[in-house]
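Numbering (our numbering), first residue to last: 130 to 803.
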């Protein structure tokens, strides 16, 4: 969320200065910084809706940029793209480069290898205004704890704005020349389409909705509509009767800051509340009104002027502080904010103002310096990627730790997608083994596939990525097509062994239906059908489910403890001690209900003449009272309560081989043939 003094009201002699807009900008940057600082007062974070600061600024930015464009088109009858984009570059790039280069040493000293790679990539992406795309593809939900540890995550909104600046002048010039009288209706129509798009996907793809410009266009366009209306009306809207609207507008903005939550769909129809509030303040121009005086006071105007510097500094300062020392106390956060304020003021006077002045910094040296900075930035990013984040900085222990569960989850179904043709095509020469189950079947599938050279007698099959046993309850006609598709598939027909590797629990077949049938009811139909079709059945017990601690996985909890303890992350002995602590914590937080469930499954298998394999002991040693959390070289085994990471699956694959799982399959097949 890049809150910057986009265009001062003195950008053109024909555009009068509006100090209340700087005051609005100050309100936006303060709300966002307090949101990211996460102050806890009386046990509550009072600024959980502070993220709407970006929406405030999008409207301001759209208004100020459109104001300049429309003024130039109206008065000059043309538009100078080169001049426009140079002004954008002068306002944005110098501060961006300053923060990038200032943080290099901190990144080198603080970030783990995977973090350093992503950090370097985010720097490069920020320079070419595409970091929103990068973070959509690589990061977790904005506002999640892991997101607060990404020093350049805040540049996503800078990218959204610049993408708007590329498209909007083209739309404006084309429409201004051909459809000038209907331009405002075109903008309104595009805004409605963008808002409706945001509302439609807010619940289905919130990350796409949040990071990418399609859902944000209407916010910037709202400001543009205000600018166009101002141009054609030539009125200051200073009537006393209208001054109630800015008051209502400020109330709406403040209401949003204090009432929006992390689970509020955003952007969506809800976002109309702060956006319309900002529009009311900007659209009703009353220089002597109470809101204009309040927002135009000298302190807020000053904060607004340094808001870009403040925003660029605040996120990396807070992120590196959390990475190095863990979550700061309220007092420490207050001191960090004072430090950010000092940096911001200095940056404004020594970097921002001089770089905007063409007399002090003419175009040729400006572009020369910019080119050199870009080359250096891209070179550093390329080096970080090529050398895998320079793991030699952290010789042992934590160098392979990945804090972001979202990164680890991205490749969860990768083995399935990469081997679809193999998994969908039965073998004519080997024993076909079908891996049946929901998301927990992916762990078994991946473990078998990555070591399939050790299973030379078998060919593994899976026609559907996700299968829930509750759907196989014959009393539920709603899923008859799903059952028929499975039973009639070539993979099922050709399979000799069916491994049921799923999370067997009393969950409904389909979460989208109000009333469904749990796995227990599906199982009583599914097993007889498999037996009728002559299948060899092997039930796998549930894997180790580890309950979270303070909302974190055991691995993340222990890592945060290590940060708070200020340990030496390069010490192998220290890592070993924290690994042992994690294993003991994992066992003490083992879901014992799952242990009971596995015993029931084992008894069920014996009673029905089925094979049973207990996978829980592969992860937990009940005599030592430990459960595996990290691999020997420090990779996480799980990214959540029980799903395995890629390295966790390799660990599982090796444990299966130690348990002679290939012989288990051969024995099942042999006994059936006998």
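From the three backbone atoms N, C-alpha and C, an ideal C-beta is built for every residue, glycine too.
Residue i classed as buried or exposed, judged by whether at least 16 other C-beta atoms fall within 10 angstroms
{"i": "residue 727", "result": "buried"}
{"i": "residue 571", "result": "buried"}
{"i": "residue 459", "result": "exposed"}
{"i": "residue 292", "result": "buried"}
{"i": "residue 585", "result": "exposed"}
{"i": "residue 605", "result": "buried"}
{"i": "residue 353", "result": "buried"}
{"i": "residue 257", "result": "exposed"}
{"i": "residue 596", "result": "buried"}
{"i": "residue 567", "result": "buried"}
{"i": "residue 632", "result": "buried"}
{"i": "residue 552", "result": "buried"}
{"i": "residue 219", "result": "buried"}
{"i": "residue 296", "result": "exposed"}
{"i": "residue 314", "result": "exposed"}
{"i": "residue 414", "result": "buried"}
{"i": "residue 549", "result": "exposed"}
{"i": "residue 316", "result": "buried"}
{"i": "residue 695", "result": "exposed"}
{"i": "residue 400", "result": "buried"}
{"i": "residue 172", "result": "exposed"}
{"i": "residue 375", "result": "buried"}
Where residue i falls: helix, strand or coil (DSSP)
{"i": "residue 287", "result": "helix"}
{"i": "residue 522", "result": "helix"}
{"i": "residue 192", "result": "helix"}
{"i": "residue 243", "result": "helix"}
{"i": "residue 786", "result": "helix"}
{"i": "residue 278", "result": "helix"}
{"i": "residue 755", "result": "strand"}
{"i": "residue 306", "result": "helix"}
{"i": "residue 343", "result": "helix"}
{"i": "residue 384", "result": "helix"}
{"i": "residue 795", "result": "helix"}
{"i": "residue 773", "result": "strand"}
{"i": "residue 233", "result": "helix"}
{"i": "residue 453", "result": "helix"}
{"i": "residue 151", "result": "helix"}
Nonlocal neighbours in the same chain, by C-beta distance under 7 angstroms from residue i, ignoring five residues either side
{"i": "residue 778", "result": "572, 575, 576 and 579"}
{"i": "residue 303", "result": "none"}
{"i": "residue 603", "result": "654"}
{"i": "residue 294", "result": "194 and 217"}
{"i": "residue 433", "result": "134, 151, 152, 154 and 155"}
{"i": "residue 190", "result": "135, 290, 349 and 352"}
{"i": "residue 278", "result": "448, 451, 452 and 532"}
{"i": "residue 756", "result": "673, 675, 712, 715, 716, 719, 748 and 749"}
{"i": "residue 704", "result": "525, 526, 527 and 763"}
{"i": "residue 540", "result": "775"}
{"i": "residue 520", "result": "242 and 528"}
Chain-order list of residues whose beta-carbon lies under 6 angstroms from that of residue i (same chain, five-residue window excluded)
{"i": "residue 441", "result": "224 and 228"}
{"i": "residue 187", "result": "348 and 349"}
{"i": "residue 765", "result": "684 and 774"}
{"i": "residue 811", "result": "The requested residue 811 does not occur in the structure, where the chain is confined to residues 130 to 803."}
{"i": "residue 536", "result": "none"}
{"i": "residue 396", "result": "327 and 344"}
{"i": "residue 164", "result": "176, 179 and 180"}
{"i": "residue 301", "result": "198"}
{"i": "residue 686", "result": "678"}
8 angstroms CB neighbourhood of residue i in its chain, flanking five on each side removed
{"i": "residue 130", "result": "Summary for residue 130: the model assigns pLDDT 43, below 50, so the residue's position carries little reliability; its value from the coordinates is reported in the next sentence. Correct list, in chain order: 161, 180, 182, 183, 186, 283, 285, 286 and 440."}
{"i": "residue 739", "result": "656, 666, 667, 668 and 733"}
{"i": "residue 517", "result": "242 and 246"}
{"i": "residue 357", "result": "195, 199, 312, 313 and 316"}
Residue-level contact to chain D via CB, residue i, 7 angstroms cutoff
{"i": "residue 504", "result": "Absent here is chain D; the protein component of the structure consists of one chain."}
Unbroken stretches of the beta strand (DSSP E), 3 residues or longer, contained in the region 560-624: 560-565 and 587-590
For the region 439-459 and the region 399-409, state whether three or more C-beta atom pairs, one from each stretch, are separated by less than 8 angstroms. no
Report yes or no: do the region 741-757 and the region 770-790 share at least 3 C-beta pairs separated by less than 8 angstroms? yes
Is the region 664-675 close to the region 595-614, with three or more CB pairs under 8 angstroms? no
Pairing CB atoms from the region 197-214 with CB atoms from the region 422-438, are three or more of them under 8 angstroms? In this structure the region 197-214 does not touch the region 422-438; the number of beta carbon pairs closer than 8 angstroms is below three.
Are three or more beta carbon pairs between the region 504-513 and the region 244-255 nearer than 8 angstroms? Contact between the region 504-513 and the region 244-255 is present, because at least three Cβ pairs lie under 8 angstroms.
Length-filtered (4 minimum) alpha helix (DSSP H) runs lying within the region 474-554: 482-485, 492-515, 534-538, 543-547 and 549-553
Report the start-end ranges of each alpha helix (DSSP H) in the region 648-733 that is 4 residues or longer and not cut off at the edges. 648-661, 683-694 and 701-717
Are at least three pairs of beta-carbons, each pair with one atom in the region 624-634 and one in the region 667-680, less than 8 angstroms apart? yes
Taking 8 angstroms as the cut-off, does the region 750-769 touch the region 677-693 (at least 3 CB pairs, one atom from each stretch)? yes
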